[in-house]
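Asks: Sharing a structure with you now.
Residue numbers (the numbering used here), protein chains in the order written: chain A, 1 to 119; chain B, 120 to 228.
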């Protein structure tokens with residue numbers, strides 16, 4: 001069984017640039033959730049992808065977007081980077097919908113995170 | 120508004136002493152509550168969830184709907200319990216998870 005992986009480990013961007021972060025879900029999982037964790041705070045939910053569709057979204061502006069691929073890996077894209085976007089970005093995979101959409105029960109398995117610094 | 124609060128940012132206890140990490144929530148509906156833990160240099164991982172009603176590593180947590188609390192307890196703290204603990208909740212659809220700000224537990228030998 002392969003765990004959740006994220007790439008890159010860390011990166012540095014400047015204001016106004018765009019960034020793409022990647023997440024490979026755990027084998028057998030069909031759902032990926034993305035979180036932003038600023039220093040000293042808990043993870044903040046960005047959005048979730050279930051079987052290639054956005055399944056839920058937190059209070060983040062549209063410049064935060066994502067994709068999920070047929071193999072259930074996922075990307076988080078952030079456009080027009082701002083200084084406040086500097087944070088640790090976590091993805092978590094899970095297996096939802098054993099009894100149909102919304103009938104999930106399973107644990108989220110987290111990746112190691114990508115540390116983004118915006119200068 | 121949906122939120123999770125953890126009033127203590129830092130908590131220090133002596134080894135062998137009881138520990139209680141507080142968690143309160145506000146949510147309209149019936150949430151599912153979790154405790155996640157992050158040990159030093161490790162990933163965030165699930166510790167326990169209220170629907171399982173199980174004890175993990177000696178920790179238990181009881182959901183008190185009247186007080187909207189889900190405090191984490193352990194009768195005798197161990198040094199290996201030192202970690203960051205996050206309380207979290209999700210809705211029935213599991214399409215959004217709200218985390219608290221976390222409590223850093225330090226167990227003094």
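A virtual CB, placed ideally from N, CA and C, is assigned to each residue, including glycine. From a predicted model like this one, the values you see are computed outputs, not experimental measurements.
Please confirm whether residue 45 of chain A has its beta-carbon closer than 8 Å to some beta-carbon of chain B.
Replies: Taking the first residue of the first chain as 1, we reach residue 45 of chain A at position 45. It does; some Cβ of chain B falls within 8 Å.
Asks: Determine, for residue 205 of chain B, whether the minimum Cβ-Cβ distance to residues of chain A falls below 8 Å.
Replies: The count along the second chain starts at 1 and reaches residue 205 of chain B at position 86. Interface residue, yes.
Asks: Enumerated in chain order, which unbroken segments of the beta strand (DSSP E) with a length of 3 residues or greater are wholly contained in the segment 11-37 of chain A?
Replies: Taking only runs of at least 3 residues, the beta strand (DSSP E) segments lying wholly in the segment 11-37 of chain A are 19-24 and 31-37.
Asks: When Cβ atoms are compared, which residues of the segment 48-67 of chain A fall closer than 7 Å to chain B?
Replies: Here the close residues are 48, 55, 56 and 58.
Asks: Pick from A:86, A:85 and A:92: whose alpha carbon is nearest that of residue 72 of chain A?
Replies: The residue you call residue 72 of chain A lines up with position 72 of the first chain. Comparing Cα positions, the closest option is A:92.
Asks: When the Cα of residue 121 of chain B is compared with those of B:157, B:202 and B:150, which residue comes out closest?
Replies: Mapped onto the second chain, residue 121 of chain B falls at position 2. If we check each option's Cα against that of residue 121 of chain B, B:150 comes out closest.
Asks: State yes or no: is the C-beta of residue 95 of chain A within less than 8 Å of the C-beta of residue 42 of chain A?
Replies: Here residue 95 of chain A corresponds to residue number 95 of the first chain, with the count starting at 1. Here residue 42 of chain A corresponds to residue number 42 of the first chain, with the count starting at 1. Their beta carbons are not under 8 Å apart, which means residue 95 of chain A does not touch residue 42 of chain A by this criterion.
Asks: For residue 148 of chain B, tell me which candidate among B:221, B:209 and B:169 has the shortest Cα-Cα distance.
Replies: By 1-based counting over the second chain, the position of residue 148 of chain B is 29. Selected option, being the one with the closest Cα: B:209.
Asks: Excluding five sequence neighbours on each side, which residues of the same chain lie with their C-beta closer than 6 Å to the C-beta of residue 228 of chain B?
Replies: Start at 1 with the first residue of the second chain, and residue 228 of chain B comes out as number 109. Excluding sequence neighbours, residue 228 of chain B sits near 134 and 198.
Asks: Just to make sure I have the definition right: I need the residues of chain A whose C-beta is within less than 9 Å of the C-beta of residue 132 of chain B. Which are they?
Replies: As a position in the second chain, residue 132 of chain B is number 13, starting the count at 1. The contacting residues do not exist; residue 132 of chain B stays about 21 Å from chain A at best.
Asks: Measure the beta-carbon distance from residue 224 of chain B to residue 138 of chain B and round it to whole angstroms, keeping in mind my assumption that it falls under 8 Å.
Replies: Stepping through the second chain from its first residue, residue 224 of chain B is reached at position 105. Stepping through the second chain from its first residue, residue 138 of chain B is reached at position 19. Confirmed, Cβ separation roughly 7 Å.
Asks: What are the boundary residues of the beta strand (DSSP E) that residue 44 of chain A is part of?
Replies: The sequence position of residue 44 of chain A within the first chain is 44, counting from 1. From DSSP, the beta strand (DSSP E) with residue 44 of chain A extends over 44-50.
Asks: Would residue 158 of chain B be called buried (16 or more neighbouring beta carbons within 10 Å of its own) or exposed?
Replies: Numbered from 1 along the second chain, position 39 holds the residue referred to as residue 158 of chain B. By the 10 Å Cβ count, residue 158 of chain B comes out exposed.
Asks: Within 10 angstroms of the Cβ of residue 38 of chain A, are there 16 or more other Cβ atoms? Answer buried if so, exposed if not.
Replies: Counting from one through the first chain, the residue named residue 38 of chain A turns up at place 38. Counting Cβ neighbours within 10 Å, residue 38 of chain A comes out exposed, since fewer than 16 surround it.
Asks: Is residue 98 of chain A close to chain B? Criterion is C-beta to C-beta, closer than 8 Å.
Replies: To locate residue 98 of chain A, count along the first chain from 1; it is residue 98. Because residue 98 of chain A sits at a pLDDT of 49, beneath the cut-off of 50, its placement in the model cannot be relied upon, and the point is left open.
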